[in-house]
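Trainee: Numbering (the numbering used here), first residue to last: 1 to 199.
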Ligand SMILES: [Fe+2]
């Protein structure tokens, strides 16, 4: 059965396969069965999706087709927010959102690996947090500062692979431009709320 998000899933897969020289990406890819049944989810909008046009311009050449497809589908996807204004303030809530393309609650059903996209607006700090699941982030736009464990912040470019082991603290801080990042989760509860340690 074909669904309207098949093209987005195919582009997600193609983009990841382009990064399979990275051992962590290759390992996650080995666990993803791409013949996932689709799940009917109502569209749910999020304020930060207006930033997606800008992220298409900022995306690397390799990531741009995927960013463009995501921007095109923004109004039909079921966006989520884990945090409320009580956690990090209203400005954060207005500049943050994610969409699970596949996983235990995403547009395609997968109970082993979750994958999707995170958007952060300019000038936003997503403080130190951790979760049981092992995670890969690949920023599709560069310029955001990332930190992991006890290390300080460092700028990561588009297409770099950022690998967080289970329960390792990590944080992000955008500069003057928004961030669009692809994420993958495995090996833990795939819909678990992160534990915040840095707020
Ligand atoms: Fe994370």
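Ideal Cβ positions, reconstructed from N, Cα and C, are used throughout, including at glycine.
Please read these numbers as outputs of a predicted model, since none were measured by experiment.
#1: Along the chain, where does the beta strand (DSSP E) that runs through residue 97 open and close?
#2: What residues in its chain sit with their C-beta under 7 Å from that of residue 124, if we drop five residues either side in the sequence?
#3: Buried or exposed for residue 110, going by 16 or more other Cβ atoms inside 10 Å?
#4: Mind checking which residues open and close the beta strand (DSSP E) that includes residue 171?
#5: For the segment 159-174 and the segment 131-140, state whether three or more C-beta atom pairs, one from each stretch, are separated by less than 8 Å.
#6: Tell me whether the segment 43-56 and the segment 1-15 touch, counting them as touching only if at least three CB pairs, one residue from each stretch, are closer than 8 Å.
#7: Of the choices 121, 31 and 62, whose alpha-carbon is the least far from that of residue 49?
#8: Less than 7 Å between the CB of residue 194 and some heavy atom of ligand 1, yes or no?
#9: Answer yes or no: do residue 69 and residue 15 have a C-beta to C-beta separation smaller than 8 Å?
Mentor: Quick look at the numbers:
#1: For residue 97, the enclosing beta strand (DSSP E) begins and ends at 96-103.
#2: If you ignore the 5 residues before and after residue 124, its C-beta comes within less than 7 Å of the C-beta of 92, 95, 96 and 174, all in its own chain and listed in chain order.
#3: Around the beta carbon of residue 110, 16 or more other beta carbons lie within 10 angstroms, which makes this residue buried.
#4: Where residue 171 is concerned, the enclosing beta strand (DSSP E) stretches over 170-173.
#5: Because the criterion of three Cβ pairs below 8 Å is met, the segment 159-174 and the segment 131-140 touch.
#6: They do not touch, by the three-pair rule.
#7: If you compare the alpha carbons of 121, 31 and 62 with that of residue 49, the shortest gap goes to 121.
#8: For residue 194, the Cβ falls inside the 7 Å cut-off from some heavy atom of ligand 1.
#9: No, these two residues do not count as a Cβ contact at 8 Å.
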